[in-house]
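Inspection log for the structure reproduced underneath, given as structure tokens.
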Amino acid sequence: MSRDVTSSLLTLPVELIYRILDNLDDFTFLCSTRNVCQRLNYITDAYHRYQIITTINLADNKIHDQGIAYLTAALKNNTTLTTLNLQCNSIEDQGAKYLTDILLNNTTLTALDFCANEIQDNGAKYLAAALRNNSTLTILNLGRNQIGTSGAQYLAAGLKQNKTLRILDLSENGIESQGAVYLADSLTNNNALTTLNLSENSIGDQGAQHLAHALTNNKTLTILNLECNEISGLGAQHLGNALTSNTALTSIDLGHNEIGNRGAQHLGNALINNTTLISFVLRLNEIEDEGVENLAFALRNNRTLTTLDLCNNRIGDNGAQHLANTLINNTVIDYPSAALYAL
Numbered sequence: 001m002s003r004d005v006t007s008s009l010l011t012l013p014v015e016l017i018y019r020i021l022d023n024l025d026d027f028t029f030l031c032s033t034r035n036v037c038q039r040l041n042y043i044t045d046a047y048h049r050y051q052i053i054t055t056i057n058l059a060d061n062k063i064h065d066q067g068i069a070y071l072t073a074a075l076k077n078n079t080t081l082t083t084l085n086l087q088c089n090s091i092e093d094q095g096a097k098y099l100t101d102i103l104l105n106n107t108t109l110t111a112l113d114f115c116a117n118e119i120q121d122n123g124a125k126y127l128a129a130a131l132r133n134n135s136t137l138t139i140l141n142l143g144r145n146q147i148g149t150s151g152a153q154y155l156a157a158g159l160k161q162n163k164t165l166r167i168l169d170l171s172e173n174g175i176e177s178q179g180a181v182y183l184a185d186s187l188t189n190n191n192a193l194t195t196l197n198l199s200e201n202s203i204g205d206q207g208a209q210h211l212a213h214a215l216t217n218n219k220t221l222t223i224l225n226l227e228c229n230e231i232s233g234l235g236a237q238h239l240g241n242a243l244t245s246n247t248a249l250t251s252i253d254l255g256h257n258e259i260g261n262r263g264a265q266h267l268g269n270a271l272i273n274n275t276t277l278i279s280f281v282l283r284l285n286e287i288e289d290e291g292v293e294n295l296a297f298a299l300r301n302n303r304t305l306t307t308l309d310l311c312n313n314r315i316g317d318n319g320a321q322h323l324a325n326t327l328i329n330n331t332v333i334d335y336p337s338a339a340l341y342a343l
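Each residue of the sequence shown is one higher than the one before, starting from 1 at the first, in the UniProt record's numbering.
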């Protein structure tokens, strides 16, 4: 900002500066008015928008790392912001580092959305360091970035020490099977996370096996999304074994995998004994009449499942008959939804 502009800010009436601030969007207000001069800092500190701002939505813009530097400098002493949405920008690892510096000291931010940026493993490393010490963040969305296996390892280490994060989205990050192994290990020690989205990460049967092992001991995770992960009947077998004894999960999404009839059989056996699962997504899994027969048999005894999604499988008339016979006696599952999802 030029010397002339700074000089005018030293003399302009406060009421006139407030009128100027009233016409600025949140990003411009925060990034262009803080730390210009001491007088303007005092004025913005007393400005009503700065005192009450709790949510900033900057999604679908063209913000790069330098823009994040401006933003974090403005938010350094903020004590009101709870939600920051930065999805669909061009933020890279350095931008993640800038925000990490804020998370290490901020005591109010509870939700941070980084979805669809360009964050890689180093950015995940910075965020993991923040997770070790931050005690307020409850929602972190890193979906559709590029953290890879190494990034998953860093975040897993951070999760082992974090006590407050409840929802973590790591979908479409190229985590693969080894990354899932690291995250599964963290779940055996983490007692805070309730929702984990690992969809579209190619974790395969090996990743599913390690996650299943973690589920046998984890008591807090209630929602798990493993959609589109190249999981076959073998991986479904491991998950089925875990669901037999798990008493925390209420929703699991295994859609768009390759579990087939074999996987459906193992998952059906699990449903006979499971007492907590409410929603089960098995769409696009190559399940045929034989597989749905096992699931239908399980539903005769299951008293908690209310939603079963079997759409886009290979279920024919015989499979539909098995489901129909079960629904006659099942008083828990949502009949219209079950019938619709199976078609």
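Heads up, the beta-carbon is just placed ideally off N, CA and C, and yes, glycines get one too.
This structure is a prediction, so every number in the text was calculated from the model and none was measured.
In chain order, each beta strand (DSSP E) run of at least 3 residues that lies wholly inside the segment 99-181: 111-113, 139-141, 167-169
task: Might you give, ordered along the chain, the residues of its own chain that have their beta carbon closer than 7 angstroms to the beta carbon of leucine 211, omitting 5 neighbours on each side?
output: For the purposes of this step, residue 211 is taken as residue 211 along the sequence shown, with counting starting at 1. For leucine 211, where only same-chain residues beyond five positions count, the Cβ hits under 7 angstroms are Ala180, Ala184.
- request: Measure how close the beta-carbons of residue 349 and leucine 226 come, nearest whole angstrom, since I'm counting them as under 8 angstroms.
  value: Only positions 1 to 343 of the chain appear in this structure, which leaves residue 349 out of reach.
query: In terms of alpha-carbon separation, which member of His256, Asn261, Leu221, Gly255 lies closest to glycine 243?
result: Here residue 243 is taken as the residue at index 243 of the sequence shown, counted from 1. The amino acid at residue 243 is misidentified as glycine; the sequence shows leucine. Per the Cα distances, Leu221.
- prompt: So what does DSSP say about glutamate 15, is it helix, strand or coil?
  reply: The residue you call residue 15 lines up with position 15 of the sequence shown. Helix at glutamate 15.
- request: Could you tell me if leucine 71 is buried or exposed, where buried requires 16 or more neighbouring beta carbons within 10 angstroms of its beta carbon?
  value: Counting from 1 along the sequence shown, the entry for residue 71 is found at position 71. When all chains shown are included, leucine 71 counts as buried.
query: How many angstroms separate the CA atom of isoleucine 147 from the CA atom of isoleucine 223?
result: Against the sequence shown, residue 147 aligns to sequence position 147. Against the sequence shown, residue 223 aligns to sequence position 223. Distance between the alpha carbons of isoleucine 147 and isoleucine 223 is about 22 angstroms.
message: Need the endpoints of the beta strand (DSSP E) that aspartate 205 sits in, please.
response: Taking the sequence shown and counting its residues from 1, one reaches residue 205 at position 205. It is not in any beta strand (DSSP E) - aspartate 205 instead sits in the alpha helix (DSSP H) that spans 204-215.
field: Extent of the continuous beta strand (DSSP E) to which threonine 244 belongs
entry: For this step, residue 244 is matched to residue 244 along the sequence shown. Here threonine 244 belongs to no beta strand (DSSP E); instead the alpha helix (DSSP H) covers 233-245.
field: Residue interval of the beta strand (DSSP E) (run including isoleucine 68)
entry: In the sequence shown, counting from the first residue as 1, residue 68 sits at position 68. Where isoleucine 68 is concerned, there is no enclosing beta strand (DSSP E), although the alpha helix (DSSP H) it sits in stretches over 65-75.
field: threonine 108 Cβ short of 7 angstroms to the ligand FMN heavy atom set
entry: As presented, the structure is devoid of all ligands, the ligand FMN included, so that no description of it is given.
Bridge partner(s) assigned by DSSP for residue 346: The shown model of the chain, from 1 to 343, leaves out residue 346, and the question about it has no answer.
- request: Label aspartate 113 either buried or exposed according to how many other C-beta atoms from any shown protein chain fall within 10 Å of its C-beta, with 16 as the threshold for buried.
  value: Numbered from 1 along the sequence shown, position 113 holds the residue referred to as residue 113. Buried is the call here.
task: Could you tell me the distance, in whole angstroms, from the CA atom of threonine 188 to the CA atom of glycine 255?
output: What you label residue 188 is simply residue 188 of the sequence shown in a count that begins at 1. What you label residue 255 is simply residue 255 of the sequence shown in a count that begins at 1. Each residue's Cα considered, the two are about 25 angstroms apart.
- prompt: What are the start and end residues of the beta strand (DSSP E) that includes asparagine 85?
  reply: Here the question's residue 85 lines up with position 85 in the sequence shown. Run containing asparagine 85: 83-85, per the beta strand (DSSP E) assignment.
- request: Using three-state DSSP, classify asparagine 23 as helix, strand or coil.
  value: Taking the sequence shown and counting its residues from 1, one reaches residue 23 at position 23. Three-state result, asparagine 23: coil.
task: Let me know if asparagine 191 comes out buried or exposed under the rule of 16 or more other beta-carbons within 10 Å of its beta-carbon.
output: Residue numbering aside, residue 191 sits at position 191 when the sequence shown is read from its first letter. Asparagine 191 should be labelled exposed.
query: Do asparagine 141 and aspartate 101 come within 8 angstroms of each other at the CB atom, strictly closer than that value?
result: The residue you call residue 101 lines up with position 101 of the sequence shown. The residue you call residue 141 lines up with position 141 of the sequence shown. Taking 8 angstroms as the Cβ cut-off, aspartate 101 and asparagine 141 do not qualify as a contacting pair.
query: Going by the beta-carbon positions, is the gap between asparagine 294 and glycine 268 smaller than 8 angstroms?
result: Within the sequence shown, numbered from 1, the residue matching residue 294 stands at position 294. Within the sequence shown, numbered from 1, the residue matching residue 268 stands at position 268. In contact: asparagine 294 and glycine 268 (Cβ atoms closer than 8 angstroms).
query: How would you call glutamine 120, buried or exposed, if buried means at least 16 neighbouring beta carbons within 10 angstroms?
result: Taking the sequence shown and counting its residues from 1, the one referred to as residue 120 is at position 120. So glutamine 120 counts as buried.
DSSP three-state assignment for glutamate 200, whether helix, strand or coil: Looking up residue 200 in the sequence shown gives position 200. Here glutamate 200 sits in coil by DSSP.
- prompt: Three-state secondary structure (DSSP) at isoleucine 52?
  reply: As a first step, residue 52 must be located in the sequence shown, where it is residue number 52. DSSP places isoleucine 52 in helix when its eight states are reduced to three.
- prompt: The beta strand (DSSP E) with isoleucine 223 in it runs from where to where?
  reply: Here residue 223 is taken as the residue at index 223 of the sequence shown, counted from 1. Element bounds for isoleucine 223: 223-225.
message: If the criterion is Cβ atoms closer than 8 angstroms, does the pair aspartate 93 and glycine 67 meet it?
response: The residue labelled residue 93 in the question sits at position 93 within the sequence shown. The residue labelled residue 67 in the question sits at position 67 within the sequence shown. No. Outside cutoff.
field: Backbone CA spacing between threonine 79 and threonine 250 [nearest angstrom]
entry: Here residue 79 corresponds to residue number 79 of the sequence shown, with the count starting at 1. Here residue 250 corresponds to residue number 250 of the sequence shown, with the count starting at 1. Looking at the two C-alpha atoms, the distance is approximately 35 angstroms.
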